[in-house]
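Input: a single structure, listed below in structure tokens.
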Amino acid sequence: MSKDYYRKQIIDLRARVAQEKEAKKRDNEYYARMIKSASSPSSKATYRKNKIDKAAYHDRQIESLKRSILSAQAAMKRS
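Residue numbering for the sequence shown follows this note's numbering, beginning at 1 and increasing consecutively.
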């Protein structure tokens, strides 16, 4: 594949990383609001757990995209 293909792929992956970071920020704000407005301790605990799980999910996605960027950069150097 050509270097232009890999350049475009890297740009797209970086954009996806930025989108994932924004999604993480939105989800954190959402769960913070839900925790603050929850009435019972059990629902607060559930929202806290969901917030942690969702943040971990976003972190895994970001790391995966970063690995894809490194892979595309290595492939571009080989071509």
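Note that beta-carbon positions come from the ideal geometry of N, C-alpha and C, so glycine has one too. Note that the coordinates shown come from a computational prediction; the quantities given were computed from them, not determined experimentally.
Under the three-state reduction of DSSP, M1 is assigned to coil, being neither helix nor strand.
Y5 sits exposed, since fewer than 16 C-beta atoms from the chains shown fall within 10 Å of its C-beta. With a cutoff of 8 Å on beta-carbon distance, S2 and S79 are scored as near each other.
For S68, the enclosing alpha helix (DSSP H) starts and ends at 41–78.
Taking C-beta atoms as the reference points, I62 and Y47 fail to come closer than 8 Å.
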